[in-house]
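**Q** Got a structure here, written out as structure tokens. Questions coming.
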Amino acid sequence: MPQSHERHSSTDFLVRVALLAAVIAVMAFTPLGYFRTGFLSITLLPIPVVIGAIVLGPAAGAILGAVFGVTSVIQCFGLEPFGTTLMGINPVGTLITCMIPRILMGFLAGVLFLLLRRLFGSRFGVFAAACLAGPLLNTLLFMTSLCVFFYRTDFIQGLAGGKNVLAFCVAFVGINGVIETTACCLLGAAISKALCSIPRSAKG
1 MPQSHERHSS TDFLVRVALL AAVIAVMAFT PLGYFRTGFL SITLLPIPVV
51 IGAIVLGPAA GAILGAVFGV TSVIQCFGLE PFGTTLMGIN PVGTLITCMI
101 PRILMGFLAG VLFLLLRRLF GSRFGVFAAA CLAGPLLNTL LFMTSLCVFF
151 YRTDFIQGLA GGKNVLAFCV AFVGINGVIE TTACCLLGAA ISKALCSIPR
201 SAKG
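1 is the number of the first residue of the sequence shown in UniProt numbering; add one for each residue after it.
Given below as structure tokens:
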């Protein structure tokens, strides 16, 4: 019985991760996931990543973050101007910038949720804080990697317009970050809390 239960739990975990990964893939390649604003993009893809991190744990968050990262890499092959330009400048740096921040974002959002839930219980604010952390971590880690690999390139220097690193990051993120964090905080918290409130027997 214990082995049967363990196999059932493992299968259930994989099915749920696969479903969320499919949601990420659909969002990534339809208007549901990105709102293009010239060279920049407002993305809602952190939402399913953070939901998975909260409902299924940090490992699921990391896996879903990797799926998010893979879709970002694919976008760099002619589907998204900014990423396509970065890929032409430094393919390895682009791969790292697309993948590592998203993996860490999913994992760390899951860890933060577990810590906050242990301290404060299953209050809505705990879910909201973890969901808020997702896009904030994604933006912070992405911008850090972008500056490490690309800040001194002519392309980024042209976008920076003579600004220092901090001013460039603030200007680059701008309203995009506000929209992403607000959407993820509200939608992600509501959905993840609702899913966590479903009794295990009802989940199958």
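Beta carbons are placed, not taken as given, at the ideal position from N, Cα and C, and that holds for glycine.
Between Leu137 and Pro101, what straight-line distance do the alpha-carbon atoms span, to the nearest angstrom?
**A** Here the question's residue 137 lines up with position 137 in the sequence shown. Here the question's residue 101 lines up with position 101 in the sequence shown. Leu137 and Pro101: Cα-Cα distance of roughly 8 Å.
**Q** Rounding to the nearest angstrom, what Cα-Cα distance links Phe67 and Pro135 in this structure?
**A** The residue labelled residue 67 in the question sits at position 67 within the sequence shown. The residue labelled residue 135 in the question sits at position 135 within the sequence shown. The residue asked about is misnamed: residue 67 is Val in this sequence, not Phe. Approximately 15 Å, taken between the alpha carbons.
**Q** Does the count of Cβ pairs from the region 110–126 and the region 68–86 closer than 8 Å reach three?
**A** At 8 Å Cβ cutoff, the stretches do not touch.
**Q** In this structure, how does DSSP classify Gly204 when only helix, strand and coil are distinguished?
**A** The sequence position of residue 204 within the sequence shown is 204, counting from 1. Here Gly204 scores only 49 on pLDDT, less than 50, and its place in the model should not be relied on; the value that follows carries that caveat. It is coil, neither helix nor strand.
**Q** Using the C-alpha atoms, what's the distance from Ile103 back to Ala21?
**A** On the sequence shown, position 21 is the one that residue 21 refers to. On the sequence shown, position 103 is the one that residue 103 refers to. Cα to Cα, the separation comes out at about 13 Å.
**Q** Helix, strand or coil: which one does DSSP assign to Ile198?
**A** Counting from one through the sequence shown, the residue named residue 198 turns up at place 198. The answer is coil: DSSP assigns Ile198 none of H, G, I, E or B.
**Q** Going by Cα to Cα distance, which pick from Ile156, Ile191, Thr153 and Gly52 is closest to Asp12?
**A** The residue labelled residue 12 in the question sits at position 12 within the sequence shown. Here the closest residue by C-alpha is Gly52.
**Q** Please report the straight-line C-alpha distance between Ala202 and Cys98, rounded to a whole angstrom.
**A** Numbered from 1 along the sequence shown, position 202 holds the residue referred to as residue 202. Numbered from 1 along the sequence shown, position 98 holds the residue referred to as residue 98. Bear in mind that a pLDDT of 49 at Ala202, under 50, signals an unreliable position, so the model cannot answer this.
**Q** Return helix, strand or coil for Thr71, following the three-state DSSP convention.
**A** One-based indexing of the sequence shown puts residue 71 at position 71. Three-state result, Thr71: helix.
**Q** Looking at C-alpha atoms only, which residue of Ala60, Asn164, Leu140 and Cys196 is the closest neighbour of Leu19?
**A** Looking up residue 19 in the sequence shown gives position 19. The shortest C-alpha separation from Leu19 is found at Ala60.
**Q** If you run the structure through DSSP and keep just helix, strand and coil, what is Thr43?
**A** Sequence index remark: in the sequence shown, residue 43 carries index 43 (1-based). Here Thr43 sits in strand by DSSP.
**Q** DSSP three-state call for Phe77: helix, strand or coil?
**A** Numbered from its first residue, the sequence shown carries residue 77 at position 77. Phe77 falls in the coil class under three-state DSSP.
**Q** CB-CB under 7 Å to residue 226, same chain, minus the five flanking residues each way: which ones, in chain order?
**A** Any answer about residue 226 is impossible in this case: the structure gives the chain only from 1 up to 204.
**Q** Could you check which residue in Val17, Ile89 and Thr30 has the C-alpha nearest to that of Asp154?
**A** Within the sequence shown, residue 154 is the residue found at index 154, counting from 1. Closest option to Asp154, Cα to Cα, is Ile89.
**Q** Check whether the Cβ atoms of Ile47 and Cys184 sit closer than 7 Å, and answer yes or no.
**A** Locating residue 47 in the sequence shown gives position 47, where the first residue counts as 1. Locating residue 184 in the sequence shown gives position 184, where the first residue counts as 1. Cβ atoms of Ile47 and Cys184: closer than 7 Å.
**Q** How would you call Thr30, buried or exposed, if buried means at least 16 neighbouring beta carbons within 10 angstroms?
**A** On the sequence shown, position 30 is the one that residue 30 refers to. By the 10 Å Cβ count, Thr30 comes out exposed.
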